[in-house]
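Novice: Chains as they are written, first to last, in the numbering used here: chain L, 37 to 264; chain V, 4 to 235. The beta-carbon is built from N, C-alpha and C at its ideal position, and this holds for glycine as well. Just passing along the structure, written as structure tokens.
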């Protein structure tokens with residue numbers, strides 16, 4: 037409980053700071069909406085092919101928009117050397133990491149929840165999304181957690197690099213490929229009305245496995261990432 | 004038991020040894036002033052003692068525990084070059100945050116006490132980004148003292164402070180020493196530091212050129228240690 041309480045203190049701090057400035061969430065949301073609008077012009081919403089690739093389109097938007105939030109995660113600690121005070125505090129590195137990951141997750145998921153209805157309307161998939169909303173939210177929750185965990189650990193790793201805004205996506209996207217593939221396949225199945233079943237539940241298992249493995253690895257490695 | 008023990012510590016940046024076989028100790032109630040030219044290794048040593056990075060060789064202990072040990076961190080307060088408070092939060096919110104991270108029994112009460120001690124009660128709900136430099140520095144001092152640390156690690160604490168903040172800090176440091184707390188500070192402001200120091204260590208290119216008690220000659224002439232033991 038003590039560990040989770042400390043993680044929540046860090047998470048609330050990040051959320052409070054973000055809601056005061058709104059710098060990351062505004063940028064992320066604006067980016068997501070603009071890209072969705074551009075996709076709606078680029079692809080015919082009546083076409084069956086658009087539905088088949090819509091899972092991929094949606095996750096491209098989520099991944100790029102999410103990076104804008106994840107980039108700020110540890111970078112927020114750079115002004116005034118706040119990271120020093122966090123590292124000096126008697127807080128396990130893993131609790132610090134988990135708190136930041138939870139705050140990022142809430143922010144990224146909030147952007148996704150706003151972007152989803154816009155995507156549904158622009159791509160004419162409102163009925164299929166409504167029919168499978170529960171499953172789609174589960175896929176979004178799992179995919180976003182994987183994206184957040186990887187983004188947060190690499191945000192810690194790149195915090196002292198001058199070109200961190202460039203480095204973060206370069207480092208995270210290759211690692212995120214399995215999670216994004218799973219999320220895209222499952223989302224496409226839900227958008228086309230197929231649902232999640234024996235034909236594609238391997239992707240779901242892979243997505244869950246990805247989240248578990250990378251969460252555990254990040255919690256173990258974060259102390260080394262922060263202190264060396 | 005020594006409050007701070009630095010035993011044969013080396014620290015490398017690539018192949019370059021920023022610290023070379025540094026051996027220093029500070030007993031409880033002592034004030035060790037680390038002096039030396041720019042690049043001598045004072046900040047590197049303090050940051051390694053604070054646990055921000057690990058030594059390449061050698062060992063550092065705070066009351067017998069490794070700096071990364073939670074018990075050691077609970078007893079340590081650090082003031083670095085930055086103020087380590089969040090611009091987007093108010094002074095009160097910043098102190099309550101650190102009070103919670105240090106698991107103080109009543110973080111809000113501790114925050115209010117330290118806001119009062121540092122003369123920031125009037126602006127307790129103001130965002131730090133709206134503070135003057137002096138107010139920000141005083142808040143940094145409150146943040147470092149909030150959890151009543153036994154060991155204070157201060158990296159050039161008097162730099163860029165206004166007169167009022169220097170007076171507040173000196174008073175707090177005197178009180179800390181009187182109550183048996185240990186201070187390790189790096190500084191270029193020898194006059195302010197040597198008024199408080201019980202011991203002085205001169206670092207020169209990463210190694211300890213002099214380590215001994217602070218004598219009346221040093222207090223009378225802050226350049227004395229450099230002239231006698233420094234590189235000239």
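Could you say which of L:79, L:176, L:140 and L:45 lies nearest to residue 191 of chain L if we only look at CA atoms?
Specialist: L:140
Novice: Going along the chain, which residues of its own chain have a beta-carbon closer than 7 Å to the beta-carbon of residue 189 of chain V, five neighbours each way excluded?
Specialist: 37, 45, 46, 49, 158 and 159
Novice: Within the chosen definition, does the segment 93–113 of chain L reach the segment 229–242 of chain L through at least 3 CB pairs nearer than 8 Å?
Specialist: By the C-beta criterion, the segment 93–113 of chain L is judged not to be in contact with the segment 229–242 of chain L, since fewer than 3 inter-stretch pairs fall below 8 Å.
Novice: Nearest by alpha-carbon distance to residue 260 of chain L: which of V:108, V:35 and V:55 is it?
Specialist: Minimum Cα distance to residue 260 of chain L is reached at V:55.
Novice: Any contact of the segment 207–216 of chain L with the segment 154–166 of chain L, i.e. 3+ C-beta pairs under 8 Å?
Specialist: no
Novice: Per the DSSP calculation, residue 214 of chain V is bridged to which residue(s)?
Specialist: V:204
Novice: Where does residue 200 of chain L fall in DSSP's three states?
Specialist: helix
Novice: Between which two residues does the alpha helix (DSSP H) containing residue 90 of chain L stretch?
Specialist: 84–106
Novice: Under 7 Å between C-beta atoms, does residue 175 of chain V make it to chain L?
Specialist: no
Novice: Whose C-alpha, out of L:179, L:195 and L:196, is nearest the C-alpha of residue 248 of chain L?
Specialist: L:179
Novice: Which chain V residues sit within Cβ distance under 8 Å of residue 52 of chain L?
Specialist: 91, 92 and 96
Novice: Going by C-alpha distance, which of L:70, L:123, L:52 and L:160 is nearest residue 96 of chain L?
Specialist: L:70
Novice: Beta carbon of residue 94 of chain V, beta carbon of residue 172 of chain V: below 7 Å?
Specialist: no
Novice: Is residue 104 of chain V close to chain L? Criterion is C-beta to C-beta, closer than 7 Å.
Specialist: yes
Novice: When DSSP labels each residue in this structure, what does residue 247 of chain L get in the three-state scheme?
Specialist: helix
Novice: By alpha-carbon positions, which one of V:43, V:205 and V:82 ends up nearest to residue 216 of chain V?
Specialist: V:205
Novice: Measure how close the beta-carbons of residue 102 of chain L and residue 220 of chain L come, nearest whole angstrom, since I'm counting them as under 8 Å.
Specialist: Rounded, the Cβ-Cβ distance is 14 Å, inconsistent with contact.
Novice: Among all the DSSP beta bridges, which residues are the ones paired with residue 28 of chain V?
Specialist: V:8
Novice: Give, in chain order, every residue of the segment 62–73 of chain V whose Cβ lies closer than 7 Å to some Cβ of chain L.
Specialist: 71 and 73
Novice: Please state whether the Cβ-Cβ distance between residue 88 of chain V and residue 136 of chain V is less than 7 Å.
Specialist: With respect to the 7 Å criterion, residue 88 of chain V and residue 136 of chain V are not classified as neighbours on the basis of their beta carbons.
Novice: Using C-beta distances below 6 Å, list every residue in its chain close to residue 81 of chain L, excluding the 5 sequence neighbours before and after it, in chain order.
Specialist: Answer for residue 81 of chain L: 159 and 160, listed in chain order.
Novice: Three-state secondary structure (DSSP) at residue 158 of chain V?
Specialist: Three-state result, residue 158 of chain V: strand.
Novice: Please list the terminal residues of the continuous alpha helix (DSSP H) segment that includes residue 37 of chain V.
Specialist: Per DSSP, residue 37 of chain V belongs to no alpha helix (DSSP H); it is in the beta strand (DSSP E), 34–38.
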